[in-house]
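For the sequence shown, numbering that gives the first Met the number 0 begins at 0 and goes up steadily by one. From the three backbone atoms N, C-alpha and C, an ideal C-beta is built for every residue, glycine too.
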Amino acid sequence: MKAMDKAFTRVDETFEAIRDSLNQQAINNIARKLAQNLRRAQQARIRSQKAPDGTAWTPRRRRVTRIQERIRFIWNNEARTLKNWHHDTGKYGRTITGWMRIKTISARFTGMTSTVFWKYAPGASTRTAPRRVPMFVKLRTARYLKARADASGVTVGYSGVAARIARVHQFGERDQVAPGIFTDYPVRELLGYQPDR
Numbered sequence: 000m001k002a003m004d005k006a007f008t009r010v011d012e013t014f015e016a017i018r019d020s021l022n023q024q025a026i027n028n029i030a031r032k033l034a035q036n037l038r039r040a041q042q043a044r045i046r047s048q049k050a051p052d053g054t055a056w057t058p059r060r061r062r063v064t065r066i067q068e069r070i071r072f073i074w075n076n077e078a079r080t081l082k083n084w085h086h087d088t089g090k091y092g093r094t095i096t097g098w099m100r101i102k103t104i105s106a107r108f109t110g111m112t113s114t115v116f117w118k119y120a121p122g123a124s125t126r127t128a129p130r131r132v133p134m135f136v137k138l139r140t141a142r143y144l145k146a147r148a149d150a151s152g153v154t155v156g157y158s159g160v161a162a163r164i165a166r167v168h169q170f171g172e173r174d175q176v177a178p179g180i181f182t183d184y185p186v187r188e189l190l191g192y193q194p195d196r
C-alpha cells in the first residue's frame with residue numbers, strides 16, 4: 000500500500016512539474032481536449048448500453064400498448080359502433096360512453112338492459128413493441144452530456160432536467176412516470192470510470 004502511495008505521489012509531482020512548465024493557454028487547451036476525449040468515451044459506452052465495468056445494462060421492459068376493440072350493438076333499432084368506450088353507471092342505469100365512428104362526437108347510450116350486442120369486447124387486447132430501441136439516445140448527445148474544462152480540472156456530466164433523469168437511472172431510484180404512478184428503475188450507470196482507460 001505504501002509503495003502505491005509513493006508511486007501516485009511521484010506521478011503527481013511529475014504532472015505538477017509539467018503543468019508548471021506550461022502557460023495558462025496550453026493548460027486550458029490540454030484540459031479541453033481531455034474533457035472532449037472523456038465525453039466521447041462516455042458516449043461510446045452509453046451507445047454500447049454497458050456499465051463502466053463492461054457488464055450490460057438491465058434491458059428495458061417491453062412496452063405494452065393496450066388497444067381497445069370497438070363495440071357494436073343495436074340501440075333503438077339502429078346499429079351503433081363505438082370506439083374508445085367505457086362503462087359507467089348513471090342516473091338511468093348502466094351506460095356506455097364512447098366515440099361514434101361516423102360522427103366525431105361523444106355519445107352516451109343509456110338503458111342498456113334491452114340492448115343486443117353482436118360484438119362485445121369487455122377487455123382490452125395488448126400488443127408488444129416489435130423491436131428494442133436503445134436507451135438514452137438523447138442523453139448521450141453533446142447537447143445534454145456537457146464537458147467543461149478549466150485550469151483546476153475537467154468535468155463531464157449533466158445539468159437541469161437531464162441531470163435529474165440521469166440521476167434516477169445512475170442510482171436506480173424511484174421516479175414518477177405519470178401523476179400518481181411511480182416506478183422503480185434498475186441501476187444503469189451512465190457516467191463512471193472505465194478500468195481499461
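Cβ-Cβ distances below 7 Å link A34 to A146, R147, A148, V153 and V155 in the same chain, with the five nearest sequence neighbours on each side left out; the list follows chain order. In this chain, the alpha helix (DSSP H) harbouring F170 covers V160 to F170. Within the same chain, Cβ atoms closer than 6 Å to the Cβ of Y184 are found at V167, H168 and G171, the five residues on either side in sequence being excluded.
Residue range Q23 to R46 is occupied by the alpha helix (DSSP H) that includes K32. For N27, the closest alpha carbon among the candidates I180, R60, F72 and S151 is that of S151.
Assignment of T88 by DSSP, reduced to helix, strand and coil, places it in the strand class. The shortest C-alpha to C-alpha distance from Y143 to any of S158, N75, L189 and T54 is the one to S158. Partner residues in the beta bridge of T182, as assigned by DSSP, are D174. Per DSSP, the unbroken beta strand (DSSP E) holding T154 starts and ends at G152 to G156.
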